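S.K.: Below you will find the structure I want to go over with you.
In the working numbering, the protein residues as written are 3 to 191.
As structure tokens, this is what we get:
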């Protein structure tokens, strides 16, 4: 079945996404031009596609500057409970950061902000440096915390269920090269 058979309304195509990622990569590189090292924290699984493209752009602009230290976080899984996000880090996670260096958390979107707020506070405690957030989509409809991304490609006020480019519905559509929304969520049997 194609994406259209699932009634996905495309908001941003792959060309628009690529252009915006290049723009924020340049903004990040300009902002941290004088810093020798920047910690990047891709949030897996949703942030994989965005983080991968952004890290590639950053490396091409300013080579040998980016330390990558991913973590796994989820507040959705298969049942939505944004007040109980789960954050999983690998062993000796803290030792992989460059202490005192700025850190940028990379994720697909910021929605309620609860998960990214927890991650940001956790990383501040590890690095003793400045911590910023870069997301593909800044979705403000359900913002429950006072946290905002320093860098974002797109913003949206509507409370759409977004899919594509890392965002999913019950594990589906994550690999789309565009971002759209579903008229209704997929029901798995």
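Built from N, CA and C at the ideal position, the CB exists for glycine as well. Quick caveat: nothing in here was measured; it's all calculated off a predicted structure.
Residue 25: buried (16+ other C-beta within 10 angstroms of its C-beta) or exposed?
M.R.: exposed
S.K.: Rounded to the nearest angstrom, how far is the Cβ of residue 118 from that of residue 149, given a contact under 8 Å?
M.R.: 6 Å
S.K.: Short check: CB of residue 45 to CB of residue 66, under 8 Å?
M.R.: no
S.K.: List in chain order: all unbroken beta strand (DSSP E) runs of 3+ residues lying wholly within the region 25-52.
M.R.: Listed in chain order, they are 40-46.
S.K.: For residue 182, write down the residues that DSSP places opposite it in a beta bridge.
M.R.: BP columns for residue 182 point to 12, 165.
S.K.: Quick check on the burial criterion: 16 or more other C-beta atoms within 10 angstroms. Buried or exposed for residue 81?
M.R.: Low per-residue confidence applies at residue 81: pLDDT is 48, beneath 50, and the placement is therefore not dependable, though the value from the model is reported in the following sentence. Classification for residue 81: exposed.
S.K.: By DSSP's criteria, residue 121 is part of a beta bridge. Which residues make up the other side?
M.R.: Note: residue 121 sits in no beta bridge, so no partner.
S.K.: With burial defined as no fewer than 16 other Cβ atoms inside 10 Å of the residue's Cβ, what is the status of residue 141: buried or exposed?
M.R.: buried
S.K.: Which residues does DSSP list as the beta-bridge partners of residue 136?
M.R.: In the DSSP output, where bridge partners are listed per residue, residue 136 has 108, 153.
S.K.: For chain B, is any of its Cβ atoms less than 8 Å away from the one on residue 70?
M.R.: Of the protein chains in this structure there is only one, and it is not chain B.
S.K.: Based on DSSP bridge pairs, tell me the residues matched to residue 141.
M.R.: 158
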